[in-house]
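Novice: Under our numbering, the first residue of the sequence shown is numbered 23, with each subsequent residue one higher.
Backbone N, C-alpha and C define an ideal beta-carbon position, used for all residues, glycine too.
Sharing a structure here in structure tokens format.
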Amino acid sequence: MTLHIPFDNSYAALPQGFYSRIAPTPVAAPALIAVNRDLAKQLRIDLPDDLAEIASIFSGNTLPDGAFPLAQLYAGHQFGQFNPQLGDGRAILLGETIGSDGMRRDIQLKGSGPTPYSRMGDGRAWLGPVLREYVVSEAMHALGVPTTRALAAVRTGEDIQRETLLPGAVLTRVASSHIRVGTFQIFAARRDGAALQQLYDYTKQRHYPDATDPADLLARVIERQAALVAHWMSLGFIHGVMNTDNCTLSGETIDYGPCAFMDSYDPQTVFSSIDRFGRYGYAAQADIIVWNMAQLATALIPLMPDPEAAVERFTAQVHAMPDLIRAEYESRFAAKIGISALRPGDSALVTDLLTRMHAQQADFTNTFRALADGDARDQFTDPAAFETWASGWTQRLAQEPDPKELMRRTNPVVIPRNHRIEQMIAAAVAGDDAPFHRLNQVLATPFADNPETADLRRPPDVSEVVPATFCGT
Ligand code: AMP
Ligand code: MG
Numbered sequence: 023m024t025l026h027i028p029f030d031n032s033y034a035a036l037p038q039g040f041y042s043r044i045a046p047t048p049v050a051a052p053a054l055i056a057v058n059r060d061l062a063k064q065l066r067i068d069l070p071d072d073l074a075e076i077a078s079i080f081s082g083n084t085l086p087d088g089a090f091p092l093a094q095l096y097a098g099h100q101f102g103q104f105n106p107q108l109g110d111g112r113a114i115l116l117g118e119t120i121g122s123d124g125m126r127r128d129i130q131l132k133g134s135g136p137t138p139y140s141r142m143g144d145g146r147a148w149l150g151p152v153l154r155e156y157v158v159s160e161a162m163h164a165l166g167v168p169t170t171r172a173l174a175a176v177r178t179g180e181d182i183q184r185e186t187l188l189p190g191a192v193l194t195r196v197a198s199s200h201i202r203v204g205t206f207q208i209f210a211a212r213r214d215g216a217a218l219q220q221l222y223d224y225t226k227q228r229h230y231p232d233a234t235d236p237a238d239l240l241a242r243v244i245e246r247q248a249a250l251v252a253h254w255m256s257l258g259f260i261h262g263v264m265n266t267d268n269c270t271l272s273g274e275t276i277d278y279g280p281c282a283f284m285d286s287y288d289p290q291t292v293f294s295s296i297d298r299f300g301r302y303g304y305a306a307q308a309d310i311i312v313w314n315m316a317q318l319a320t321a322l323i324p325l326m327p328d329p330e331a332a333v334e335r336f337t338a339q340v341h342a343m344p345d346l347i348r349a350e351y352e353s354r355f356a357a358k359i360g361i362s363a364l365r366p367g368d369s370a371l372v373t374d375l376l377t378r379m380h381a382q383q384a385d386f387t388n389t390f391r392a393l394a395d396g397d398a399r400d401q402f403t404d405p406a407a408f409e410t411w412a413s414g415w416t417q418r419l420a421q422e423p424d425p426k427e428l429m430r431r432t433n434p435v436v437i438p439r440n441h442r443i444e445q446m447i448a449a450a451v452a453g454d455d456a457p458f459h460r461l462n463q464v465l466a467t468p469f470a471d472n473p474e475t476a477d478l479r480r481p482p483d484v485s486e487v488v489p490a491t492f493c494g495t
């Protein structure tokens, strides 16, 4: 059996100006690290027994039948500065498949060599970010968060130059699409109304077939992004680089660069080494997604028959977004403390708990999980701070049908903690992939209690704390 991918390519049918046709650059010695068999099955990909053949395809060394390799063009605001031309500088779309669930998905290689959009970059990725994205994106999926997924990771057998020489790797990423806010921005900035209209038609057909006009499409994207960011926050997730080119129209999380989950709760937490002003810090995410949607709205204006009226309408839509995020956030956090339907006073109860957690540097994930398990007081240096809060909480829970069940299904036991990711990467660089495989296995069921995973639940000790994360480009 040879590896067969049932391609059904649609982006390739868009005009030439949307992308550059470019093949992956072969690598010296592809060696498979992992292939996601469940996902392959969902994509209706037949995997052969021969691992070398799988590695050859997912390193870019062999182009599968029916692939139409291309690098997509887009622009984007990076830390608030508009860059009029970005594009896939180290990624190549092989094509799309229609899965067993009827969904169309992109299959993309990341780290597969230079493209016309590589600028000064080498088009490559090193092993660290490839494994980080594999583990974290799959964990996010298991946590129920809309996200791109990881289909395969392959070592290239080549070292690449970063600050030091590091082992190269290629990630195969799967996404509902790679259409970004920045994809709309590039055609709007170029005043290419025809391309903008084609992109709108394509996006509508692919993601929002019921959308009645660009305003309606904007409303739906706003809804999904509001839900997404509130979901991230409910898990202590910090994306780290919410540039408009890393913000999808589909509402999926994309581009796991300097992302991290916070350990002890602090709304100001920032991990990314390049985010010096905390633009993309934990709590700031709720503001910046609104800013990003304002950029999408701006790019959609030329599509409206009456631009002046559109400005007014879009402004109102964007201004309504913070309330949408707040509602999503409040109901997610209420569920985390066992409340199934919000009543007056519930949000204050959540805020009070978070304030106490912050003051006591309580671990975010473990404190919420411990609420269900009845031992949350141990997460506080001063248990009295918890007990004062808990008396009101216990009274409120008396009116809930099954708060423990709700808490156990909303508060994960294990998350991909940053120090475990760093340790896993260090091991893989030294040739030991066991920690990578273990993380994937454990994180596939993040809500399950399992005594064997106690080490992965533990917050970092002082020597393990990871103060900063890097984009890995
Ligand atoms: P990111 O911060 O990962 O979203 O990337 C921002 C832009 O830089 C995108 O256009 C990437 O394709 C490009 N880029 C990042 N790393 C590389 C690389 N190693 N070689 C070429 N382009 C890159
Ligand atoms: Mg990006």
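1) Would Ser198 and Arg242 be called neighbours here (beta carbons separated by less than 9 angstroms)?
2) Which parts of the stretch 380-428 are runs of the alpha helix (DSSP H), unbroken and 4 residues or longer, counting only runs that do not cross its ends?
3) Is it the case that the Cβ atoms of Ile347 and Val292 are separated by a distance below 9 angstroms?
4) What ranges does the alpha helix (DSSP H) occupy inside the stretch 68-134, keeping only unbroken runs of at least 4 residues that lie completely in it?
5) At what residues does the alpha helix (DSSP H) containing Tyr278 begin and finish?
6) Since Ile260 sits in a beta bridge, which residues does DSSP pair it with?
7) Leaving aside the five residues before and after Ser78 along the sequence, list all residues of the same chain whose C-beta is less than 7 angstroms from its C-beta, in chain order.
8) What separation, rounded to the nearest whole angstrom, lies between the Cα atoms of Ile443 and Pro280?
9) Relative to the ligand MG, is the shortest distance from any of its heavy atoms to the C-beta of Ile361 smaller than 8 angstroms?
10) What is the DSSP secondary structure of Phe299, counted as helix, strand or coil?
11) Let me know if Asn314 comes out buried or exposed under the rule of 16 or more other beta-carbons within 10 Å of its beta-carbon.
12) Evaluate Ala448 with the Cβ neighbour count: other Cβ atoms within 10 Å of its Cβ, from every protein chain shown; 16 or more gives buried, anything less gives exposed.
13) How far does the alpha helix (DSSP H) with Gln225 in it reach, from first residue to last?
14) With 16 other CB atoms within 10 Å as the buried threshold, where does Met207 fall?
15) Quick check on Gly179: does DSSP put it in helix, strand or coil?
16) Collect the residues with a C-beta less than 6 angstroms away from any heavy atom of the ligand MG and give them in sequence order along the chain.
17) Confirm the yes/no value for this check: CB of Asp110, any heavy atom of the ligand AMP, distance under 8 angstroms.
18) Answer with buried or exposed for Met255, where buried requires no fewer than 16 other C-beta atoms within 10 angstroms of its C-beta.
19) Please report the residue range of the beta strand (DSSP E) in which Gly190 lies.
20) With 16 as the cutoff for other CB atoms within 10 Å, does Thr373 come out buried or exposed?
21) What's the gap between the Cα of Ile244 and the Cα of Val340?
22) Run the proximity test for Gln100: is its beta-carbon closer than 8 angstroms to any non-hydrogen atom belonging to the ligand AMP?
23) Using three-state DSSP, classify Phe492 as helix, strand or coil.
24) From the DSSP output, which residues share a beta bridge with Val158?
Specialist: On the basis of the data shown:
1) Mapped onto the sequence shown, residue 198 falls at position 176. Mapped onto the sequence shown, residue 242 falls at position 220. No, Cβ-Cβ distance for Ser198 and Arg242 is not below 9 angstroms.
2) 386-395 and 405-419
3) Numbered from 1 along the sequence shown, position 325 holds the residue referred to as residue 347. Numbered from 1 along the sequence shown, position 270 holds the residue referred to as residue 292. It is not a contact, given that the beta carbons lie outside the stated cut-off.
4) 73-80
5) Numbered from 1 along the sequence shown, position 256 holds the residue referred to as residue 278. Run containing Tyr278: none; DSSP gives neither H nor E here.
6) In the sequence shown, counting from the first residue as 1, residue 260 sits at position 238. DSSP, once it has assigned bridges, lists Ala282 as partnering Ile260.
7) As a working mapping, residue 78 is identified with position 56 in the sequence shown. If you ignore the 5 residues before and after Ser78, its C-beta comes within less than 7 angstroms of the C-beta of Pro52 and Thr84, all in its own chain and listed in chain order.
8) Numbered from 1 along the sequence shown, position 421 holds the residue referred to as residue 443. Numbered from 1 along the sequence shown, position 258 holds the residue referred to as residue 280. Their Cα atoms are separated by approximately 12 angstroms.
9) Within the sequence shown, residue 361 is the residue found at index 339, counting from 1. Because no heavy atom of the ligand MG lies under 8 angstroms away, the Cβ of Ile361 does not count as near it: no.
10) To locate residue 299, count along the sequence shown from 1; it is residue 277. Coil, per DSSP.
11) Sequence index remark: in the sequence shown, residue 314 carries index 292 (1-based). So Asn314 ends up on the buried side.
12) Working through the sequence shown from its first residue, we reach residue 448 at position 426. The residue is exposed, with fewer than 16 neighbouring Cβ atoms inside 10 Å.
13) The sequence position of residue 225 within the sequence shown is 203, counting from 1. Residue identity check: residue 225 is Thr in the sequence provided, not Gln. Segment Gly215 to His229, the alpha helix (DSSP H) holding Thr225.
14) Start at 1 with the first residue of the sequence shown, and residue 207 comes out as number 185. Here the sequence assigns Gln to residue 207, which means Met is not the residue at that position. Its Cβ being crowded by 16 or more others within 10 Å, Gln207 is buried.
15) Here residue 179 refers to the residue found at position 157 of the sequence shown. Gly179 falls in the strand class under three-state DSSP.
16) Asp267, Asn268 and Asp277
17) Reading the sequence shown from its first residue, position 88 is the one you call residue 110. At least one heavy atom of the ligand AMP lies closer than 8 angstroms to the C-beta of Asp110.
18) Looking up residue 255 in the sequence shown gives position 233. Buried, since its Cβ has 16 or more Cβ neighbours within 10 Å.
19) Within the sequence shown, the letter at position 168 stands for residue 190. Following the DSSP letters along the chain, one finds Gly190 inside the beta strand (DSSP E) bounded by residues Leu187 to Ala197.
20) The residue you call residue 373 lines up with position 351 of the sequence shown. By the neighbour-count rule (16 or more Cβ atoms within 10 Å), Thr373 is not buried but exposed.
21) On the sequence shown, position 222 is the one that residue 244 refers to. On the sequence shown, position 318 is the one that residue 340 refers to. Their Cα atoms are separated by approximately 8 angstroms.
22) Position 78 of the sequence shown holds residue 100. Within the cutoff, so yes.
23) Taking the sequence shown and counting its residues from 1, one reaches residue 492 at position 470. If DSSP states are grouped into helix, strand and coil, Phe492 belongs with coil.
24) Counting from 1 along the sequence shown, the entry for residue 158 is found at position 136. Val158 pairs with nothing; no bridge assigned.
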